[in-house]
Each structure stands twice: as C-alpha cells, then as structure tokens.
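Numbering (the working numbering), first residue to last: 77 to 460.
Listed below in structure tokens is the structure:
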C-alpha cells in the first residue's frame with residue numbers, strides 16, 4: 077500500500093491574525109479576542125499574549141491580571157467567517173481532496189499525487205499562495221495520517237512547516253507530552269499523569285488490555301495515536317452539508333405567535349443536534365408553504381454558530397421577511413447549512429457567555445433525560 081501524504085493546514089491565531097490584517101498597528105503586540113468585561117472569556121489571543129500565560133477559554137479577568145497591558149478586542153465573527161471561506165476556496169481550487177475540519181483548519185489528501193508533484197514542495201507553494209492572497213499567516217504539517225500531520229502543525233507554529241516521514245513518526249512523537257495528542261481531554265490527561273504516563277513514548281508501551289480497562293474503547297484509540305496510527309480518511313468538503321426539519325400543521329393557520337413558537341422549538345432541536353455532532357453552521361434557511369401549496373424560501377449567511385439564541389433570532393427574522401401574503405400557512409421548515417466541525421467561539425458578544433452556559437446546561441439535561449426533557453416555556457403548549 078502506498079504511503080499516504082496528508083497535509084494539515086492551520087491558521088496561526090486566526091481571529092487575531094484577521095484583526096492584525098485590518099489594523100497593522102496591532103502586529104507584535106499582546107492582543108486578546110473575547111469579552112471585554114470581567115465576566116468575559118478569551119476566544120483567541122496572540123502569541124505575544126500567550127507568553128504571559130493567557131490562553132483561550134480563560135476568563136477575561138484572569139487574562140487582564142496576567143497581561144494587564146494587553147489590547148482587548150471584542151471580535152467580529154462575520155469577518156472571521158468571510159476570511160475562513162476565502163481560504164477554503166483557495167485551497168479547494170488547488171487540491172484533489174480537502175476536508176474543512178473547523179473554521180481555521182483543513183486536511184488535504186495528496187496521496188498518489190507525488191508522482192506529479194513533490195508533495196512537500198507543493199504544500200509549501202500552497203501555503204505561500206494563501207499568505208499572498210489573504211495576507212494571513214498559516215502553518216502546515218505533512219505526514220502519513222491526520223493525527224501526525226496535525227501534531228506536526230502544532231509543533232511548527234507559528235508560521236512554520238514540518239514534514240514527518242513514516243520512518244520519523246515514532247521518533248517525532250516519543251518525546252512529546254501526551255497532552256499533545258488530539259482528542260485527549262483534561263480528565264484523561266490527569267488520570268494518565270497520576271499513573272506516571274506523561275510522555276507519548278510511555279503511553280505507546282502500555283498493553284492494549286490495560287488501556288481498555290483504564291479508558292474503554294477510547295483507550296485503544298489513544299494507544300494507536302501514540303503509536304502514530306490513524307486510519308481515518310480525509311472527508312471531502314461539501315458546501316451543502318446541512319441538517320433541517322419541517323412541520324405540517326394539522327390545520328392551516330395564520331397564528332403568527334404559534335408559528336414563531338414552533339420555529340423556536342425546531343431551531344432548539346437543530347441547535348442541540350449541531351452541538352452533539354460538534355458542528356457549527358454558517359447559513360440558515362426558512363421555508364413556508366401556503367395553503368395553496370406555494371413554497372417560499374429565504375436564507376441568510378450567518379457567523380459560524382450553534383447557539384440557540386442566535387439561530388432563533390435569525391430564523392424568526394427570516395420568517396418575518398418571508399411571510400408577506402397573510403395567507404394561511406400549511407408548513408414551516410428550518411434548515412442549517414454550510415456546516416463545519418467546531419465549537420462555539422464564546423463571548424465575542426457580551427451576553428454570549430450566559431447563552432453558552434444556558435445551552436450547555438440544557439444539553440446535559442437532554443442527554444440524560446431525552447431531547448424533549450427541557451425547552452422554553454413559550455413552546456410548551458404548542459398544538460400543531
């Protein structure tokens with residue numbers, strides 16, 4: 077079997093880089109993106125800020141204590157989403173197979189193309205193209221699978237390139253902390269650390285049966301990653317990936333309040349599904365069918381999100397724009413599309429921390445007691 081050639085490309089401090097591109101005076105300074113109040117959370121920070129111990133998901137209050145001279149910027153998800161889409165189009169037009177893994181990272185499968193291109197040289201040229209056309213820094217790792225290429229990128233950032241060939245995989249991984257393994261969470265890290273397993277080399281020597289007894293099936297997956305094994309494929313990026321739902325009323329209605337409550341319920345279900353799949357959406361579409369069976373649709377591009385409050389507000393706004401005939405409605409549908417893997421970048425707006433916490437609390441209840449275990453009071457008495 078031919079050796080795989082997988083490129084992982086990742087933007088360097090993406091949100092900060094976009095802000096620096098807009099305002100060059102920020103270059104080389106400790107910049108923090110996120111909520112500016114003490115209750116805020118850091119969404120991203122420059123490498124200059126990281127030197128003081130600042131990191132994403134840290135409270136803004138703590139970040140200010142660690143780096144009091146930092147420049148705080150609230151952030152602009154519309155600008156970040158647009159930049160992300162520009163980068164995706166540049167890459168997609170130049171490679172045979174690409175997966176958009178999140179708003180700021182891509183996997184590219186160049187397997188077999190080395191007969192026509194030197195893969196390392198092509199990756200270098202591709203990176204330079206992105207930098208030249210967008211003005212944004214980007215790094216890449218090239219290796220035999222997704223896990224190792226991603227770890228290679230993380231080791232060469234910022235603004236770097238690293239090629240890890242098959243024979244170099246284990247020597248590259250062995251000295252690294254187990255914390256560097258993608259998907260290894262804090263609880264697992266603490267559990268393994270307490271057992272004296274702190275380096276990838278040590279983890280790679282554990283017997284599979286012991287890993288299963290410690291961590292279940294996830295233990296085997298971590299063991300394989302520690303040995304540089306990852307069979308997961310690069311999943312082709314598809315712009316039209318979406319989830320949606322629709323509801324036909326038992327009797328055609330003109331009750332706008334009921335329709336809005338139904339939209340709220342539908343969007344909450346879709347938002348929950350997004351978060352369970354660890355995805356965020358960049359487009360929302362609302363459809364209504366009048367009693368004469370005429371369908372009308374309206375959609376809007378949104379900043380990448382999975383937050384109920386943001387999605388509900390936009391869906392209701394689209395319905396308000398859409399419903400012009402004041403005719404009885406037979407059906408309502410909502411669809412979220414342009415999905416990518418990722419998590420909510422919280423606190424780019426002041427109230428998003430509370431919204432995020434509410435979503436997390438409601439999701440935990442749904443996971444334990446079922447999808448309909450909790451909802452908003454306004455949708456409890458829906459009769460459709």
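No residue lacks a Cβ here, since even glycine has one placed at the ideal position from N, Cα and C.
Using the Cα positions of residue 202 and residue 249, report the straight-line distance between them to the nearest angstrom. Their Cα atoms are separated by approximately 26 Å.
With a cut-off of 8 Å on the beta carbons, I'd call residue 357 and residue 415 a contact; round off their distance for me. Yes, residue 357 and residue 415 are in contact; Cβ-Cβ is about 5 Å, under 8 Å.
Mind pulling the alpha helix (DSSP H) runs of 4 or more residues that sit fully within the stretch 323-348? As far as the stretch 323-348 is concerned, it has no whole alpha helix (DSSP H) run of at least 4 residues.
Within 8 Å, strictly: CB atoms of residue 173 and residue 184: Yes, Cβ-Cβ distance for residue 173 and residue 184 is below 8 Å.
In the DSSP assignment, find the beta strand (DSSP E) that holds residue 84 and state where it starts and stops. Membership of residue 84 in the beta strand (DSSP E) is indicated by the continuous run 82-87.
Hey, how far is the Cα of residue 242 from the Cα of residue 110? One C-alpha to the other measures close to 40 Å.
Cα-Cα, which of 342, 214, 403 and 274 is closest to residue 384? The residue from 342, 214, 403 and 274 with its alpha-carbon nearest to that of residue 384 is 342.
Counting Cβ pairs closer than 8 Å, one from the stretch 124-134 and one from the stretch 98-107, do we hit at least three? Yes, the stretch 124-134 is in contact with the stretch 98-107.
Return the chain-ordered list of same chain residues with a C-beta closer than 8 Å to the C-beta of residue 170, the five sequence neighbours on each side being excluded. If we look at residue 170 and ignore the five residues flanking it on each side, its Cβ neighbours are 202 and 205.
Taking the continuous alpha helix (DSSP H) assigned at residue 241, which residues delimit it? Neither: residue 241 is in no alpha helix (DSSP H) and is coded neither H nor E.
Which of the three DSSP states, helix, strand or coil, is assigned to residue 371? The answer is strand: DSSP assigns residue 371 an E or B state.
Close Cβ partners of residue 143 (< 7 Å) along its chain, the five nearest in sequence each way excluded: So the qualifying residues of the chain are 106, 125, 128 and 130.
Would you kindly check if the distance between the Cβ of residue 164 and the Cβ of residue 145 is under 8 Å? The answer is no: Cβ separation not under 8 Å.
Would you kindly report the start and end of the unbroken alpha helix (DSSP H) that includes residue 125? Residue 125 -> alpha helix (DSSP H) spans 123-126.
Quick test of the definition: if touching needs 3 or more C-beta pairs under 8 Å, does the stretch 321-339 touch the stretch 400-419? The stretch 321-339 is in contact with the stretch 400-419.
Could you name each continuous alpha helix (DSSP H) segment of 4 residues or more that falls completely within the stretch 353-422, going from the start of the chain to the end? The stretch 353-422 contains these whole alpha helix (DSSP H) runs: 384-398.
Which residues mark the beginning and the end of the beta strand (DSSP E) in which residue 190 is found? From DSSP, residue 190 is part of no beta strand (DSSP E); its letter is neither H nor E.
Residue 275 to residue 217 span [Cα, whole Å]: Going by C-alpha positions, residue 275 is about 21 Å away from residue 217.
Going straight from the alpha carbon of residue 245 to that of residue 235, what length do you get? Their backbone Cα atoms lie some 21 Å apart in a straight line.
So who's on the other strand from residue 291, going by DSSP bridges? Looking at the DSSP assignment, residue 291 forms no beta bridge with any residue, so it has no partner.
Tell me where the alpha helix (DSSP H) around residue 262 begins and ends. Per DSSP, residue 262 belongs to the alpha helix (DSSP H) from 262-270.
Cβ-Cβ separation, residue 372 to residue 395 (assumed contact under 8 Å), whole Å: About 11 Å separates the two Cβ atoms, so there is no contact after all.
DSSP-derived helix/strand/coil call for residue 182: Per DSSP, reduced to three states, the secondary structure at residue 182 is strand.
Looking at C-alpha atoms only, which residue of 117, 141 and 266 is the closest neighbour of residue 133? Minimum Cα distance to residue 133 is reached at 117.
The alpha helix (DSSP H) that contains residue 218, what's its start and end? Secondary structure note for residue 218: it is in no alpha helix (DSSP H), and the uninterrupted beta strand (DSSP E) holding it is 214-219.
Residue 163 lies in the alpha helix (DSSP H); which residues open and close that run? For residue 163, the enclosing alpha helix (DSSP H) stretches over residues 153-168.
Is residue 254 closer than 8 Å to residue 186 when the C-beta atoms are compared? No. Outside cutoff.
Using a threshold of 8 Å, state whether the C-beta atoms of residue 210 and residue 159 are closer than that. Contact flag set, yes.
The beta strand (DSSP E) with residue 107 in it runs from where to where? Residues 107-110.
Using 10 angstroms around the beta-carbon of residue 327, count the other beta-carbons present and answer buried if the total reaches 16, otherwise exposed. By the neighbour-count rule (16 or more Cβ atoms within 10 Å), residue 327 is not buried but exposed.
Three-state secondary structure (DSSP) at residue 79? Here residue 79 carries a coil assignment [DSSP, helix/strand/coil].
Tell me whether the beta-carbon of residue 364 lies closer than 8 Å to the beta-carbon of residue 378. The beta carbons of residue 364 and residue 378 sit no closer together than 8 Å.
With DSSP as the reference, label residue 309 as helix, strand or coil. In the displayed model, residue 309 falls within coil according to three-state DSSP, outside both helix and strand.
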